[in-house]
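Visitor: Pasting a structure here, questions to come.
Residue numbers (our numbering): 307 to 891.
As structure tokens, this is what we get:
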């Protein structure tokens, strides 16, 4: 139960609703327990009439009164039971809503490295399946627990006041029940954890298969992936069956114990009636109804225990992520204005998940409004520089300054709000093109959206679609071509008019003519803004104020376009190669 203590803050938040729910539960059970007493009284009236102790008129009057009381009690008990469900079950929905939001908000602040070491399917399973298990604890489990406790408390008072000795015999099987529940609960907890882990693996495989469906189809490996999915499904099925086998022991055990209680009531009660210890035959009928009224609450003890155990296993998995501290901490609560000066001083960086040294003793400075182009072979560390400026990672050695302040001393939100970032692999959401562009600036007007699209040279493509800017994209923007995705991503970055623009090889999927037009527009748009362009093309870099060439994480060349084309090295080789390719075209 230790893991479930995390939910105490939510119970406190909705304490008044829960208190009202408990109060309603007590009222509902009090009226429900009128039924056995009234039925017992009615049987006694019938017995008295058969024995000639009362007249026909008194018999009819008392029987009719009892029937009316029975109807009234049943209606009131039913009404309050409805209100009980509405009150307590609604609380479970509120807590489910709050818990999902807490998990999602925590996911948002966790560092990029967390997502590299955890699979998407597992993350989704914890916020859906695991939270669903927890909801069953904070709703039905609590409601039935209150229901059972209240019913037992009220019923015991009635039963002891009527026949103490018979009550003792009736409740004899309960200690056996308690021991059985304890033993089975531990087993359920272990198997619930195994089931949830298996579900995570199944969700992860499904998510990856659907995301990479084009690759699966291209390589014709559908039979292989079907086989793998079937294997995971069979494993999950077996683990679910193993859990169900244990859970299935509860109800037969409950029915057996309740049956024994009924037999004890009839046998012991019959002996007491014959010996004169019980004065009226209706008492036995009353006790049989009490026992049967307690059948479902006692039976739900096992079910509730199962729910609690599953919820604890799920909450333990949820807590694992909630207790994960983000590696990138926002050390400054006060917003910090960003101008755009950037300086790397002997910066070295090693990726924590792979131990690959991406940057080695890198130094350069960039004034606000200047443009820097970074070129180099694949894996030379170009994208890493952009990741460090966005503080997706913290540097290992050296100093990274923004506006002459260490980057980790700046307000993280202010820093990232001042950056417009276009990644190499453009990611678009399954939403309209308009909303994908407005992702950079949610309050942007229609005119701003269109202007950004025109500057990214994608406006004509968009209006060519049947629904124009209202066209809803498939997952990850699959509706668009690679070049169109990149241009929409550029529009998303420039619409926010940030102080720092980072372009990570974002024109690789467009032709040279479109590239030239986009670059001309960017020259106007980036005026007065600090801009860093990562590219494999000299055409994207030649107009930059500074150019650096990275090789194996180190700066091998730096200068302007004019400087570097006269200097032997990677840049000149690339320029000569691309110039000859252009002439051939």
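C-beta: ideal position from N, C-alpha, C; glycine also.
Since this is a predicted model, take the numbers as computed values, not measurements.
Count the other C-beta atoms from every protein chain shown that fall within 10 angstroms of the C-beta of residue 510, then say buried if there are 16 or more, exposed otherwise.
Guide: The count along the chain shown starts at 1 and reaches residue 510 at position 204. Result: buried.
Visitor: At what residues does the alpha helix (DSSP H) containing residue 792 begin and finish?
Guide: Here residue 792 refers to the residue found at position 486 when the chain shown is read from its first residue. Per DSSP, residue 792 belongs to the alpha helix (DSSP H) from 788-800.
Visitor: Would you list the one or two residues that DSSP bridges to residue 727?
Guide: Translated into the one-based positions of the chain shown, residue 727 becomes position 421. For residue 727, which the question treats as bridged, DSSP gives the partners 808.
Visitor: Which class does residue 654 belong to by DSSP, given the choice of helix, strand or coil?
Guide: Against the chain shown, residue 654 aligns to sequence position 348. Correct three-state label for residue 654: strand.
Visitor: Does the separation of the CB atoms of residue 574 and residue 472 fall below 8 angstroms?
Guide: For the purposes of this step, residue 574 is taken as residue 268 along the chain shown, with counting starting at 1. For the purposes of this step, residue 472 is taken as residue 166 along the chain shown, with counting starting at 1. Closer than 8 angstroms, so yes.
Visitor: Which runs of the alpha helix (DSSP H) at least 4 residues long sit entirely within the region 814-881? Give them in chain order.
Guide: 818-831, 844-847, 867-870
Visitor: Would residue 669 and residue 651 qualify as a contact pair, given that the criterion is a beta-carbon distance under 8 angstroms?
Guide: The count along the chain shown starts at 1 and reaches residue 669 at position 363. The count along the chain shown starts at 1 and reaches residue 651 at position 345. Yes. Within cutoff.
Visitor: Taking only three categories from DSSP, how would you classify residue 667?
Guide: Counting from 1 along the chain shown, the entry for residue 667 is found at position 361. Of the three classes helix, strand and coil, the one that applies to residue 667 here is strand, per DSSP.
Visitor: From residue 774 to residue 737, what distance separates their C-alpha atoms?
Guide: Numbered from its first residue, the chain shown carries residue 774 at position 468. Numbered from its first residue, the chain shown carries residue 737 at position 431. Roughly 13 angstroms between the two C-alpha positions.
Visitor: Skipping 5 residues on each side, what residues in its chain have a beta carbon closer than 6 angstroms to that of residue 699?
Guide: Taking the first residue of the chain shown as position 1, residue 699 is located at position 393. Cβ within range, chain order: 693.
Visitor: Check whether the region 443-450 touches the region 501-519, taking contact to mean three or more Cβ pairs, one atom from each stretch, closer than 8 angstroms.
Guide: Taking a cut-off of 8 angstroms for Cβ pairs, the region 443-450 and the region 501-519 do not touch, as fewer than three such pairs fall below it.
Visitor: Rank 730, 475, 430, 713 by C-alpha distance to the C-alpha of residue 578 and give the top, closest one.
Guide: Within the chain shown, numbered from 1, the residue matching residue 578 stands at position 272. Nearest C-alpha to residue 578: 475.
Visitor: With distances taken from CA atoms, which of 749, 759, 728 is nearest residue 739?
Guide: Indexing the chain shown from 1 puts residue 739 at position 433. Of 749, 759, 728, the residue nearest in Cα terms is 759.
Visitor: Since residue 712 and residue 696 are thought to touch, with beta carbons under 8 angstroms apart, how far apart are those beta carbons, to the nearest angstrom?
Guide: Position 406 of the chain shown, counted from the first residue, corresponds to residue 712. Position 390 of the chain shown, counted from the first residue, corresponds to residue 696. About 15 angstroms; that fails the 8 angstroms criterion.
Visitor: Can the beta-carbon of residue 790 be found less than 8 angstroms from the beta-carbon of residue 767?
Guide: On the chain shown, position 484 is the one that residue 790 refers to. On the chain shown, position 461 is the one that residue 767 refers to. Yes.
Visitor: Exposed or buried, residue 569, counting other C-beta atoms within 10 Å across all chains shown (16 or more means buried)?
Guide: Position 263 of the chain shown, counting from 1, holds the residue named residue 569. Looking at its Cβ environment, which holds fewer than 16 other Cβ atoms inside 10 Å, residue 569 is exposed.
Visitor: Roughly how many angstroms lie between the CA atoms of residue 427 and residue 411, to the nearest whole one?
Guide: By one-based count along the chain shown, residue 427 stands at place 121. By one-based count along the chain shown, residue 411 stands at place 105. Between the C-alpha atoms of residue 427 and residue 411 there is a straight-line separation of about 17 angstroms.
Visitor: Does DSSP put residue 361 in a helix, in a strand, or in coil?
Guide: Residue 361 sits at position 55 when you count from the first residue of the chain shown. In this structure, residue 361 counts as coil in the three-state DSSP scheme.
Visitor: Report the residue from 344, 840, 542 whose alpha carbon sits nearest the alpha carbon of residue 378.
Guide: Looking up residue 378 in the chain shown gives position 72. Out of 344, 840, 542, 344 has the C-alpha closest to the C-alpha of residue 378.
Visitor: Specify whether the region 638-655 and the region 703-717 touch according to this definition: at least 3 beta carbon pairs, one from each stretch, less than 8 angstroms apart.
Guide: yes
Visitor: Quick one: grab the DSSP three-state call for residue 703.
Guide: As a working note, residue 703 is residue 397 in the chain shown. Residue 703 falls in the strand class under three-state DSSP.
Visitor: In its own chain, which residues sit with a C-beta less than 6 angstroms from the C-beta of residue 425, not counting the 5 before and 5 after it?
Guide: Locating residue 425 in the chain shown gives position 119, where the first residue counts as 1. Within the same chain, residue 425 has close Cβ partners 510.
Visitor: So is residue 282 buried or exposed if we call it buried at 16+ other beta carbons inside 10 Å?
Guide: Because the chain is modelled from 307 through 891, residue 282 falls outside the range shown and cannot be assessed.
Visitor: So is the beta-carbon of residue 530 under 7 angstroms away from any non-hydrogen atom of the ligand NAD?
Guide: Here there are no bound small molecules, and the ligand NAD is not part of this structure.
Visitor: Measuring alpha carbon to alpha carbon, tell me which of 314, 429, 595 ends up nearest residue 630.
Guide: Here residue 630 corresponds to residue number 324 of the chain shown, with the count starting at 1. Looking at the Cα atoms, 429 is the closest of the given residues.
Visitor: Tell me the rounded alpha-carbon separation between residue 726 and residue 839.
Guide: Locating residue 726 in the chain shown gives position 420, where the first residue counts as 1. Locating residue 839 in the chain shown gives position 533, where the first residue counts as 1. C-alpha separation (whole angstroms): 12 angstroms.
Visitor: Per DSSP, which residues does residue 679 bridge with? Please list them.
Guide: In the chain shown, residue 679 corresponds to position 373, counting from 1. According to DSSP, which records beta bridges pairwise, residue 679 is partnered with 839, 853.
Visitor: So, for residue 500: in the same chain, excluding its five sequence neighbours on each side, which residues have a beta-carbon less than 6 angstroms away from its beta-carbon?
Guide: Along the chain shown, one-based indexing puts residue 500 at 194. So the qualifying residues of the chain are 545.
Visitor: Is the CB-CB distance between residue 824 and residue 806 below 8 angstroms?
Guide: As a position in the chain shown, residue 824 is number 518, starting the count at 1. As a position in the chain shown, residue 806 is number 500, starting the count at 1. Taking 8 angstroms as the Cβ cut-off, residue 824 and residue 806 do not qualify as a contacting pair.
Visitor: Which of the three DSSP states, helix, strand or coil, is assigned to residue 763?
Guide: The residue given as residue 763 occupies position 457 in the chain shown. Coil, per DSSP.
Visitor: According to DSSP, is residue 672 part of a helix, a strand, or is it coil?
Guide: Here residue 672 is taken as the residue at index 366 of the chain shown, counted from 1. It is a strand residue.
Visitor: Below 8 angstroms, can you find three or more Cβ-Cβ pairs linking the region 396-411 to the region 335-353?
Guide: No, the region 396-411 is not in contact with the region 335-353.
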